[in-house]
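Structure, as structure tokens:
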Amino acid sequence: TSSRRDSFLFGGPVSLEDRESSFTTIDRGLGIVDGIAGTIGNTPLVKIRSLSEATGCIILAKAEFLNGAGNSPKDRVALNMIEVAEQKGLLVPNRGDTIYEGTVGSTGISLAVLARAKGYKCHICMPSDMAIEKVELLHHLGATVERVTPAPITDPKHFVNLARQRAKEHTLSSETESRGFFADQFESLANYTAHMKTTGPEIYEQTGGLIDAFVAGAGTGGTISGVTKYLKEEKKLTNLKVVLADPQGSGLYNKIRHGVMYSSTEKEGTRRRAQVDTMVEGIGINRITENFESARSLIDDAVRVTDLQALRMARWLVEHDGIFIGSSSAVNCVAAVMTALKMPKGSQVVTILCDSGSRHLSKFWKSVGELGLEHNEEEKGGEREEDLI
Ligand code: PMP
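First residue of the sequence shown? That's 45 in this note's numbering, and the numbers climb one at a time after it.
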């Protein structure tokens, strides 16, 4: 019963005030946290056994889908963006303020959860071709969702520009004190600093600083920049190799490898610009954001990953390790393997598992299910290494 549970949690009969104040000193090793925001961060670093065995390196993946608010690394970013805005007085709880954001899904889900928990409304603009389960989840969380036809970033109807516009309209038209706040994950430096303050230090502590390569994709660039800046600049891991994992069709690979980028504003045909689409959601862009720029000069190399490689990796991980991941995580794992194969045996390679496969059932995992039987046959007879890439 409840009194027995209370005495278990709090060590004996206590008054309501005592109970409340006990939450100010939460970290007593009992695993009690203060609200959903307390479940963000301190995610495990999982050794992926099959990939480690296949490459002769130690492949470690930060299980970011275990962040407990929106189940992705964007929990860290959303929390930091909100807290920075609160410190500046741009957001005030229970004033009717609305958080606006342009997102392919993950950031919107984290913002929607934290908005509920903290007393805000949430309005998400997202491209119409993103997996439907993310839209449904946002609806259940109480966010307003505007699905926008995909357009170049120069178009005022691009989902990011629309979110900025909506925030402005809210503030201008508000008859109350309430404000619209544009979170701006692509350009706001509260994005990469979240990873600099939490993800980077966690990886450093979990590996004891023994990390030879860090491999990650970039959507806003927040993760790769924050982690890289912490490890290379603050911890002076100068021998650390940082590798960008880029899906087919993204322009970042060329930027890192060749210093050029075919910007989305260039007319088709004026330059040899890739017109390749990808089913991967969340990473791969054709412009340089402030967050990506923050650590661009510290990124050593880039690996390009095809959709087929990502699909096969996703299936491989569920079959061999019971790890069920989304498309960007699969791209990261392919690039981690490619990186590991070029490094001395025993090297430690760290990558990120961004979100779960359950966010990608209707698109990515449907395609995994449709992979040919050929793949299964190959796998039974073949060498593991050859199957991977
Ligand atoms: N994976 C998924 C599923 C994402 O939604 C995102 C963010 N858009 C990323 C990876 C990339 O992270 P970042 O924005 O920090 O580059």
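Idealized CB from N, CA, C, for every residue including glycine.
With 16 other Cβ atoms within 10 Å as the buried cut-off, status of residue i
| i | result |
| --- | --- |
| VAL157 | buried |
| GLN131 | exposed |
| GLY413 | exposed |
| LYS36 | The first residue shown for the chain is 45 and the last is 433, placing residue 36 beyond what the model contains. |
| ASP351 | buried |
| LEU185 | buried |
| VAL304 | exposed |
Residue i: first and last residue of the uninterrupted beta strand (DSSP E) it sits in
| i | result |
| --- | --- |
| ALA107 | 102-107 |
| ASP290 | 285-291 |
| VAL90 | 89-91 |
| LEU397 | 392-397 |
| MET170 | 165-171 |
| THR188 | 188-192 |
| ALA346 | 345-349 |
heavy atom of the ligand PMP below 7 Å from residue i C-beta
| i | result |
| --- | --- |
| ALA122 | no |
| VAL148 | yes |
| PRO117 | yes |
| ILE327 | yes |
| CYS398 | yes |
| THR264 | yes |
| THR198 | no |
| GLY224 | no |
| THR237 | no |
| ILE367 | no |
Limits of the unbroken alpha helix (DSSP H) element including residue i
| i | result |
| --- | --- |
| HIS404 | No alpha helix (DSSP H) holds HIS404; DSSP gives it neither H nor E. |
| THR157 | Looking at the sequence itself, residue 157 is Val, so the reference to Thr does not match. VAL157 -> alpha helix (DSSP H) spans 150-162. |
| PRO245 | 244-251 |
| PHE42 | In this structure the chain extends from 45 to 433, so residue 42 is not present and cannot be described. |
| ARG223 | From DSSP, ARG223 is part of no alpha helix (DSSP H); its letter is neither H nor E. |
| VAL121 | 118-131 |
Helix, strand or coil at residue i according to DSSP, with G and I counted as helix
| i | result |
| --- | --- |
| GLU110 | According to the sequence displayed, residue 110 carries Leu and not Glu. Of the three classes helix, strand and coil, the one that applies to LEU110 here is helix, per DSSP. |
| VAL362 | helix |
| GLY413 | helix |
| ILE480 | Only positions 45 to 433 of the chain appear in this structure, which leaves residue 480 out of reach. |
| ILE369 | strand |
| ARG340 | helix |
| VAL77 | coil |
Residue i versus residue j - alpha carbon distance
| i | j | result |
| --- | --- | --- |
| ALA238 | GLY416 | 41 Å |
| LYS276 | ARG331 | 24 Å |
| GLY112 | SER217 | 35 Å |
| ASP228 | LEU134 | 13 Å |
| HIS404 | ARG93 | 24 Å |
| ARG340 | GLU219 | 43 Å |
| VAL362 | ILE369 | 8 Å |
| ALA318 | ALA358 | Residue placement at ALA318 cannot be trusted, given a pLDDT of 45 that sits under 50; what the coordinates show is reported in the next sentence. One C-alpha to the other measures close to 25 Å. |
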